[in-house]
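Remember, this note's numbering sits 1291 above the position in the sequence shown when you count from 1.
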Amino acid sequence: SGTREMFTVRRIVAGEGVERTFPVNSPKIAKLEVVRHGRVRRAKLYYLRDRVGKATRLAERRAKDTDKK
């Protein structure tokens, strides 16, 4: 936690899986935006490396509505 936090981005490029790991507090990163949250039961998601296409999608986690009045 803290200054050692990292996140990994994975894509398929030219049929080959490519992973890049970035520190959260890197000066090269201007902004981090969470597009959606997935529901998982473990911290390390290495099993997703073996999946292809839509099988890599995680179950969507419902966001809490904080804007409701």
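The beta carbon of each residue, even a glycine, is placed where N, CA and C say it ideally should be. Since the model is a prediction, treat every value here as computed from it, not as a measurement.
So the candidates are the options; which of them puts its Cα closest to the Cα of residue i?
i     : options                       : result
P1318 : L1336, T1294, E1307 and R1311 : T1294
R1352 : D1341, I1303 and V1326        : V1326
K1345 : R1302, F1298 and E1296        : R1302
R1342 : L1323, G1308 and E1324        : G1308
DSSP three-state label for residue i, please.
i     : result
R1353 : coil
G1306 : coil
K1322 : coil
Report all residues from its chain with a CB closer than 8 Å to the CB of residue i; omit the five preceding and five following residues, and keep chain order.
i     : result
E1296 : P1314, V1315 and N1316
Could you tell me which residues DSSP puts in a beta bridge with residue i?
i     : result
T1312 : T1299
G1329 : E1351
Going by beta carbon distance, what residues of the same chain come within less than 6 Å of residue i, once the five residues before and after it are set aside?
i     : result
V1300 : R1311
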